[in-house]
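Student:
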Amino acid sequence: MASGYGDFKLAVGEAVAGMLKPIQDEFHRLEKDKAYIDGIIKANAEKANYYATKTLRKVQKKVGFPERIR
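Residue numbering for the sequence shown follows this note's numbering, beginning at -10 and increasing consecutively.
1. So, with DSSP's three-state summary, where would you put S56?
2. Between the alpha carbons of I30 and V52, how many angstroms are there, rounded?
3. Roughly how far, in whole angstroms, is the beta-carbon of L19 from the beta-carbon of I26, given that I think they are within contact range, below 8 Å?
4. Once DSSP output is grouped into helix, strand and coil, what is the label at D22?
5. Just verifying my parser: in three-state terms, what is the DSSP assignment at G(-7)?
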């Protein structure tokens, strides 16, 4: 065997680093775009609130809680 365990580790490390590079590049690009991230958070928070409220109302109805008066 001409190659040792150290060569194998180096090759695996380089292969993993090569596979992760595009992911890391995209992460760094998004990390710099705070407005984009804030927009995604806001949009998804609104969706989450909608579905959570809908689910909570279903549960309250099944449990027998009276409907909320707005």
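For every residue, glycine included, the Cβ atom is placed at its ideal position computed from N, Cα and C. Because the structure is a prediction, the values reported are computed rather than measured.
Tutor: From the atom records:
1. What you label residue 56 is simply residue 67 of the sequence shown in a count that begins at 1. Note that residue 56 is Glu in the sequence shown, not Ser. In this structure, E56 counts as coil in the three-state DSSP scheme.
2. In the sequence shown, the residue the question calls residue 30 occupies position 41. In the sequence shown, the residue the question calls residue 52 occupies position 63. The alpha-carbon atoms of I30 and V52 are separated by roughly 32 Å.
3. One-based indexing of the sequence shown puts residue 19 at position 30. One-based indexing of the sequence shown puts residue 26 at position 37. Contact holds; Cβ gap of about 6 Å.
4. As a working mapping, residue 22 is identified with position 33 in the sequence shown. Note: D22 maps to coil in three-state DSSP.
5. In the sequence shown, residue -7 corresponds to position 4, counting from 1. Three-state result, G(-7): coil.
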